[in-house]
Amino acid sequence: MGMAAMFFDLNSVSLALVLGLIFLVLFEAMRIHFSRARTPPGPTPFPFVGTVPHFIKNPMGSVRSNNQFGEMSSVYLGRKPSIVLNTLQITKEALMQEGSSFLGRPPLPLVEWITNGLGIIMTNGHSWKQQRRFALHTLRNFGLGKKSVEERVLDEGHYLVTEMLKDEGTAFDPQHALQNAVSNIICSIVFGDRFEYDNKRFAYLLKILNEIFILSGSPVGQIFSLVPFIKHFPGPHQKILQNATELLDFIRKEVKEHRQTLDPENPRDFIDAYMLEIEKQKSHEDSTFHEENMVMSAADLFLAGTDTTATTMRWGLIFLMENPNVQERCHKEIVQVLGYDRLPSMDDRDKLPYTYATVHEIQRCANIVPLGVVHETTQPTKLRGYDIPKGTMIMTNLTAIFSDKEHWKYPDTFNPENFLDEKGHFFKPEAFIPFLIGPRVCLGETLARTELFLYFVSLLQRIHFSWPPNSQHPDMDGIMGVVRHPHPFKTICRSRDAKD
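First residue of the sequence shown: 123, per my numbering; consecutive thereafter.
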């Protein structure tokens with residue numbers, strides 16, 4: 123009899139659990155139903171996990187499908203709705219006209235875990251204002267937007283051309299060379315030094331940097347955002363923390379070396395300037411300048427100044443190999459203006475309209491951050507009749523904006539004519555916003571634009587790029603991480619000379 127009673131009790135507990143679970147799912151389904159009535163339309167969310175499964179299954183397909191819901195749509199990253207801005211007009215209204223309400227960055231669990239809320243890119247309020255203002259001021263002092271950065275890029279361009287032609291005629295993966303070249307510019311500003319292409323320690327750092335970007339935006343990163351308590355357990359997410367820790371240790375070592383050789387009268391770079399600022403601000407109670415913020419701000423500049431531009435350049439080589447006629451036309455234009463030996467300058471942009479248009483078209487089609495860098499509302503606000511609560515995540519659908527038939531002559535194909543007027547002069551459509559708009563526009567925009575133009579002109583002046591024979595062309599949807607990377611590929615470089 124006792125056994126029967128125990129069996130009955132176990133059945134009762136199991137039944138209660140099943141009924142409780144059914145009730146929870148029904149309650150969540152009802153909650154979502156009423157929530158969706160107050161938000162813009164969007165894909166149907168699943169209970170508890172929202173629309174994350176759609177995204178994990180087909181990232182670019184999910185991004186592309188958003189604009190079918192109109193100028194604004196809702197996605198659920200977990201239980202909470204986020205707003206996606208699908209047109210240029212609504213993006214301008216939100217990020218420029220209502221900019222102060224959309225200034226925030228959301229507290230992303232993975233980023234918080236790694237940064238402890240420090241740095242520049244993902245911070246808010248007083249700390250963000252202090253750190254961004256200081257970073258912009260210091261980067262300008264060390265050449266951002268000035269001739270000295272041009273000179274740094276041109277010097278590095280010479281090293282890059284030499285590196286690319288090292289194994290001329292042999293298929294190789296250009297990722298490391300491009301990443302090293304781009305990274306050396308921000309390294310020279312932040313750390314005061316560049317790193318040789320055969321520096322194994324630096325090559326390893328660039329490799330783990332790439333892993334951070336890919337893993338953070340992969341299903342691992344999505345799951346971490348839904349259930350951040352997994353940080354206490356083993357799993358692939360621990361690799362992200364391990365990589366980030368190694369990167370921060372590298373920066374701390376640089377800081378230690380700088381401290382030993384600091385000359386307060388002659389700061390050499392961002393780290394020197396930051397150490398002097400810590401001393402200067404010591405008496406201010408509201409100062410956010412301290413060593414850990416210096417390390418994290420330097421990491422932010424290093425990450426943001428390396429991966430995005432290098433990834434754009436990798437996509438650029440793919441588009442140039444896929445469109446050899448565009449590559450040839452750029453080369454001919456460059457040689458007509460510069461010959462084979464004169465170094466380019468930013469002043470040459472007007473004389474190289476087709477090449478300049480090609481660089482912009484590479485950025486449009488590379489579309490490396492398909493949903494922009496996320497924003498968050500800092501106060502309750504209204505947009506097109508919808509009440510948007512404080513703390514709502516806002517994304518910009520650059521995929522939709524960069525393929526909007528209203529703004530582009532050839533929205534669905536790679537064609538530099540998208541950036542040329544009837545007379546063949548360079549023309550930039552209003553919808554070209556790869557660095558976004560408003561008060562939180564990318565602070566590295568000037569540097570990225572300088573690097574992309576000067577590197578591409580230097581490469582196309584001296585090198586012909588082609589696919590290796592019988593190579594499989596990469597899937598153009600790429601790998602979705604924090605940044606949309608191309609799949610690994612190989613290229614064959616051949617030197618051009620006056621006989622071409």
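Using N, Cα and C, we set each Cβ at its ideal position, and we do this for glycine too.
Of the listed residues the options, nearest to residue i (C-alpha basis)
i, options, result
"A299", "E544, Y319, E528", "Y319"
"L398", "K353, E413, S593", "E413"
"L327", "T367, I345, R486", "T367"
"D371", "S347, A420, N388", "A420"
"F324", "P356, L261, T428, P229", "T428"
"K550", "F294, L348, R471, Q382", "R471"
"R451", "K504, Y476, H529, K251", "Y476"
"I345", "N447, P358, F335", "P358"
"L363", "F524, V233, L282, F557", "V233"
"N246", "H259, H354, P590, L230", "L230"
"A395", "V377, A216, G513", "V377"
"I601", "F335, E278, D619, M244", "F335"
Beta-carbon gap between residue i and residue j smaller than 7 Å
i, j, result
"G172", "F191", "no"
"T237", "M418", "yes"
"L576", "V271", "no"
"N519", "N188", "yes"
"S338", "V174", "no"
"M286", "I585", "yes"
"N445", "F554", "no"
"R316", "N332", "no"
"E567", "F557", "yes"
"Q403", "F411", "yes"
"T503", "L225", "no"
"I205", "I516", "yes"
"K361", "W235", "no"
Residue environment, residue i, which counts as buried when at least 16 other CB atoms sit within 10 Å
i, result
"Q594", "exposed"
"Q485", "buried"
"P511", "exposed"
"M218", "exposed"
"G291", "exposed"
"D534", "exposed"
"D289", "exposed"
"P608", "buried"
"F129", "With a pLDDT of 48 at F129, under the threshold of 50, the modelled position of this residue cannot be trusted, and the question is left open."
"M123", "Confidence at M123 is low in this model, with a pLDDT of 49, below 50, so the placement of that residue is unreliable and no value is reported for it."
"C615", "buried"
"G438", "buried"
"F351", "exposed"
Whole-angstrom C-beta distance between residue j and residue i, which should lie under 8 Å
i, j, result
"L582", "Q449", "7 Å"
"L423", "V312", "5 Å"
"R227", "V496", "7 Å"
"S196", "T161", "4 Å"
Residues that residue i bridges to, as DSSP identifies them
i, result
"D509", "K504"
"M602", "R606"
"T613", "F294"
"M218", "None, per the DSSP bridge assignment."
"T518", "L207"
"V624", "The chain is shown from 123 up to 622; residue 624 falls before or after that span and cannot be answered."
"F548", "L542"
C-beta neighbour in chain C for residue i, strict 7 Å
i, result
"D543", "Protein chain content of the structure displayed is limited to a single chain, and chain C is not contained in it."
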